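The sequence shown maps to residues 21 to 435 in the numbering used here.
All C-beta atoms in this analysis are idealised placements derived from N, C-alpha and C, irrespective of residue type, glycine included.
Being a predicted model, the structure only gives us computed values, none of them experimental.
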Amino acid sequence: MRVAMFSLHTCPFATLGGKNTGGMNVYVRELSRELGRRGIAVDVYTRSQNCHIPAVRWFGQNVRLIHVQAGPENGLDKNDLWQYTAAFADGVRRVAQEEGLHYDVLHSHYWLSALAALELRQNGWSTPIAHMFHTLAALKQEVEGFQEDPRRLRVEAEIVQQVDAIVAATPLDRQHMLDYYRAPAERIVVIPPGVNLDLFRPIPKQEARLHVGAPCEPCEETHMLLYVGRMDPMKGVDDLLRALPYLVQDLPDDWPCHICMALVGGDSDSSDESLRQEMDRLQDLKHELGIQDFATFLGRREQDELPYYYSAADVCIVPSHYESFGLVALESLACGTPVVASRVGGLTYIVEDGLSGFLVPRGNPPALAQRIGQLLADCGLRRHMGGHGQEMAQQYGWPSIAERVLELYEELIEG
Ligand code: UDP
21 MRVAMFSLHT
31 CPFATLGGKN
41 TGGMNVYVRE
51 LSRELGRRGI
61 AVDVYTRSQN
71 CHIPAVRWFG
81 QNVRLIHVQA
91 GPENGLDKND
101 LWQYTAAFAD
111 GVRRVAQEEG
121 LHYDVLHSHY
131 WLSALAALEL
141 RQNGWSTPIA
151 HMFHTLAALK
161 QEVEGFQEDP
171 RRLRVEAEIV
181 QQVDAIVAAT
191 PLDRQHMLDY
201 YRAPAERIVV
211 IPPGVNLDLF
221 RPIPKQEARL
231 HVGAPCEPCE
241 ETHMLLYVGR
251 MDPMKGVDDL
261 LRALPYLVQD
271 LPDDWPCHIC
281 MALVGGDSDS
291 SDESLRQEMD
301 RLQDLKHELG
311 IQDFATFLGR
321 REQDELPYYY
331 SAADVCIVPS
341 HYESFGLVAL
351 ESLACGTPVV
361 ASRVGGLTYI
371 VEDGLSGFLV
381 PRGNPPALAQ
391 RIGQLLADCG
401 LRRHMGGHGQ
411 EMAQQYGWPS
421 IAERVLELYE
431 ELIEG
C-alpha cells in the first residue's frame, strides 16, 4: 500500500510550540512513522518554505518527506495559502508522474490540504481521500473575541461532503461535524491521536528536576506547575497567569513550599511578528499581575526534553478555550503527572474529572486556582491521579492507533 499524506501549511518537522506548530505536526510525523514500520510506503507532502532544504528526505522506514513548491518559498500566513492549493496539487502530480507512483489513499490534514486533495480529484485522480480537520473553524469561531476567516467556514462545510472519510479525534469532534457542517454521519470514523509511549513515561522527580534546572529549584520544597503548548490566545495562557494570584492568596500562612510555574512554548525572539507580539502581551500581563517571581516563560523545548518537564512538574495545566484533542494533556498523564484542564473538546475525554485530574469551566481563573491548590495540598491525591492517568494513557500508543487508521485505509481501498 502507498499513501500520500498532505500537510500543506506546516512541515511535520517544523520546530514545535510556535504559534502554528503543535499537535498536527506531531500527529503526521508519528502516524507516518508507525505506518512505515508496518511496511506501508508513505510520502508526506508539505509546501516548501525554504529553497535550501532538500526537496526529498527519508524519515523512518518507508517514509519520505517531500517539499513541493507552491507559492513563494518562505513562511506565509496560513490564511493566505488557499490560493496555492492548486499549485501544491500540481507539485504532487508532478512527483507521482516522474516516479511512476500510484497512491492507494490520500490522507489530508487541515482544511487547506483537503483542498489540494480535492483538486487532484477534479483533475482525474480517483484515489480515495481520508481527511482530518485537526481544528474546526465553526468551533473556533465560538470562542469569544475570535474571528475566523468566513471562507474557511464555507470550505470546511464543502469538504465534509466531498471526501470519502473523515477522521474525528473524539465522539464530540464527530458530533460537531454533524451539527455545524451536516457532515454525512456514515463517513466519519472516530480514531483519537496517539502518544509516543516510549518517549512519554515517568522519570523520577528528582532526576527530572535536576535535568530541567531553573526556574524551579531541584528540591522537594518547590511545587512546580507546568504549561506546555503554543502561545496562541486560544490556549488560555491568560487565564493561567490570572489564576496564580488567586492560588498564592489562598495558600495558608504556614505553606511550606515555594511555587513556580514554567511555561514551555513560544519564542520571544521569533521571526514571526504575531508570535512575538503574543509573547510580549503575555509578558506584560505577567508583570501587571505582579507574578514575575512565580512564572517563567522558558520558550520552546524539543519533544525529547518534555518528559523531563512533565515528570518534574506536580501539576500540568491545559487552560484552552478550544481543543479538538489536546496531546499535551495526554503526554503529561503518560508521564504520571495529573492535569487540570478546561472542560472543552478532547480534554473532556483525556482527563477523567476527579480520577486523573480535574476539569474546570473554561475562562475561569479562580476555578483553575482552586483545583491546582487542591492538588498541591495533597501529595497522595497527586500520586493517585498520576498513576491512574498513566494507566489510562496506555490505550493511546501509536501502534494501536495506526492499526485503526490502517483498517480505515483498507476499507477505503475496497471501496
Ligand atoms: N510541543 C513541543 N515543544 C514545545 C511545545 C509543544 O514539542 O515547546 C508539542 C507537544 O509535545 C505536543 C504538541 O506540541 O505534542 C502540542 O499539541 P496539542 O495537541 O497539545 O496542541 P495543538 O498545538 O495541536 O493545539
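* Member of Pro148, Trp145, Gln161 and Lys98 whose CA lies at the smallest distance from the CA of leucine 132 -> As a first step, residue 132 must be located in the sequence shown, where it is residue number 112. Of the listed residues, the one whose Cα sits closest to leucine 132 is Lys98.
* To do: Measure the C-alpha to C-alpha separation of aspartate 258 and histidine 122 and round it to an integer number of angstroms.
  => By one-based count along the sequence shown, residue 258 stands at place 238. By one-based count along the sequence shown, residue 122 stands at place 102. Roughly 48 Å between the two C-alpha positions.
* **Exposure of glutamate 308, with buried meaning 16 or more beta-carbon neighbours within 10 Å** => Here residue 308 is taken as the residue at index 288 of the sequence shown, counted from 1. Burial call: exposed.
* Asked: Between the segment 38 to 54 and the segment 211 to 231, are three or more C-beta pairs nearer than 8 Å?
  -> yes
* Excluding the 5 residues preceding and the 5 following threonine 242 in the sequence, name in chain order all residues of the same chain whose CB lies nearer than 7 Å to its CB. => Numbered from 1 along the sequence shown, position 222 holds the residue referred to as residue 242. Here the set comprises Cys236, Cys277, His278 and Cys280.
* Among all the DSSP beta bridges, which residues are the ones paired with arginine 77? -> The residue labelled residue 77 in the question sits at position 57 within the sequence shown. BP columns for arginine 77 point to Leu85.
* alanine 75, buried or exposed, once every other Cβ within 10 Å from all chains shown has been counted against 16 -> The residue given as residue 75 occupies position 55 in the sequence shown. With fewer than 16 other Cβ atoms within 10 Å, it is exposed.
* Asked: Beta carbon of valine 232: closer than 6 Å to some heavy atom of ligand 1?
  -> For the purposes of this step, residue 232 is taken as residue 212 along the sequence shown, with counting starting at 1. The answer is no for valine 232.
* To do: List the DSSP bridge partners of histidine 151.
  => Indexing the sequence shown from 1 puts residue 151 at position 131. Ser128 and Ile186.
* Between the beta-carbon of threonine 105 and the beta-carbon of leucine 85, is there less than 7 Å? -> Position 85 of the sequence shown, counted from the start, is the residue given in the question as residue 105. Position 65 of the sequence shown, counted from the start, is the residue given in the question as residue 85. Contact: no.
* **leucine 246 - partner residues in DSSP beta bridges** => In the sequence shown, residue 246 corresponds to position 226, counting from 1. BP columns for leucine 246 point to Ala282 and Cys336.
* Within 7 Å, strictly: CB atoms of methionine 25 and serine 52 -> As a first step, residue 25 is located in the sequence shown; it is residue number 5 there, counting from the start. As a first step, residue 52 is located in the sequence shown; it is residue number 32 there, counting from the start. At a Cβ-Cβ threshold of 7 Å, methionine 25 and serine 52 count as neighbours.
* Count the other CB atoms within 10 Å of the CB of leucine 260; is the residue buried (16 or more) or exposed (fewer)? -> If you number the sequence shown from 1, residue 260 lands on position 240. It is buried - the Cβ of leucine 260 has at least 16 other Cβ atoms within 10 Å.
* Asked: Is any heavy atom in ligand 1 found nearer than 6 Å to the beta carbon of valine 248?
  -> Your numbering for residue 248 matches position 228 in the sequence shown. Yes - ligand 1 has a heavy atom lying nearer than 6 Å to the Cβ of valine 248.
* **Residue of Met299, Phe166 and Val23 minimising C-alpha distance to isoleucine 60** => On the sequence shown, position 40 is the one that residue 60 refers to. If we check each option's Cα against that of isoleucine 60, Val23 comes out closest.
* To do: Take every Cβ of the segment 192 to 206, pair it with every Cβ of the segment 351 to 362, and state whether three or more of those distances are shorter than 8 Å.
  => no
* To do: Please report the Cβ distance between glycine 452 and arginine 320, rounded to the nearest whole angstrom; I am assuming they are in contact, meaning their Cβ atoms lie under 8 Å.
  => As shown, the chain starts at 21 and ends at 435. That puts residue 452 outside it, with no answer to give.
* Thinking C-alpha only, which one of Tyr130, Phe166 and Phe108 is nearest glutamate 139? -> The residue given as residue 139 occupies position 119 in the sequence shown. Of the listed residues, the one whose Cα sits closest to glutamate 139 is Phe108.
* Asked: So does leucine 36 have its beta carbon nearer than 6 Å to some heavy atom of ligand 1?
  -> Here the question's residue 36 lines up with position 16 in the sequence shown. The answer is yes for leucine 36.
* To do: Could you say if the segment 147 to 158 and the segment 178 to 193 meet the contact criterion of at least three C-beta pairs nearer than 8 Å?
  => yes
* At a cut-off of 6 Å, is valine 359 close to ligand 1 when judged by its beta-carbon and the heavy atoms of the ligand? -> If you number the sequence shown from 1, residue 359 lands on position 339. In terms of side-chain proximity, the C-beta atom of valine 359 is found no nearer than 6 Å to any non-hydrogen atom of ligand 1.
* Option in Leu347, Ala116 and Pro265 with minimal Cα separation from leucine 36 -> Position 16 of the sequence shown, counted from the first residue, corresponds to residue 36. Nearest C-alpha to leucine 36: Leu347.
* Which residue comes first and which comes last in the beta strand (DSSP E) that contains phenylalanine 166? -> Walking along the sequence shown from the start, residue 166 turns up at place 146. From DSSP, phenylalanine 166 is part of no beta strand (DSSP E); its letter is neither H nor E.
* What residues in its chain sit with their C-beta under 7 Å from that of leucine 318, if we drop five residues either side in the sequence? -> Looking up residue 318 in the sequence shown gives position 298. Contacts found: Ala282, Leu283 and Val284.
* Among residues of its own chain, excluding the 5 on either side of phenylalanine 314, which ones have a beta-carbon nearer than 8 Å to its beta-carbon? -> Counting from 1 along the sequence shown, the entry for residue 314 is found at position 294. Closer than 8 Å at Cβ, skipping near neighbours: Leu264, Val268, Ile279, Cys280 and Met281.
* Where do the N-terminal and C-terminal ends of the alpha helix (DSSP H) with alanine 61 fall, by residue? -> Taking the first residue of the sequence shown as 1, we reach residue 61 at position 41. Annotation: alanine 61 is outside any alpha helix (DSSP H); the continuous beta strand (DSSP E) that includes it extends over 61 to 67.
* Asked: If you count every other CB in all the chains shown that lies within 10 Å of the CB of proline 327, and 16 or more means buried, which is it?
  -> Indexing the sequence shown from 1 puts residue 327 at position 307. By the 10 Å Cβ count, proline 327 comes out buried.
* Asked: At a cut-off of 6 Å, is glutamate 320 close to ligand 1 when judged by its beta-carbon and the heavy atoms of the ligand?
  -> Position 300 of the sequence shown holds residue 320. Checking the sequence, you will find arginine at residue 320 rather than glutamate. Yes, since a heavy atom of ligand 1 falls inside the 6 Å radius drawn around the Cβ of arginine 320.
* Asked: Can you tell me the Cα-Cα spacing of glycine 91 and asparagine 143, whole angstroms?
  -> Within the sequence shown, the letter at position 71 stands for residue 91. Within the sequence shown, the letter at position 123 stands for residue 143. Approximately 20 Å between the Cα atoms of the pair.
* Asked: For glycine 417, does the three-state DSSP call read helix, strand or coil?
  -> Counting from 1 along the sequence shown, the entry for residue 417 is found at position 397. Glycine 417 falls in the strand class under three-state DSSP.
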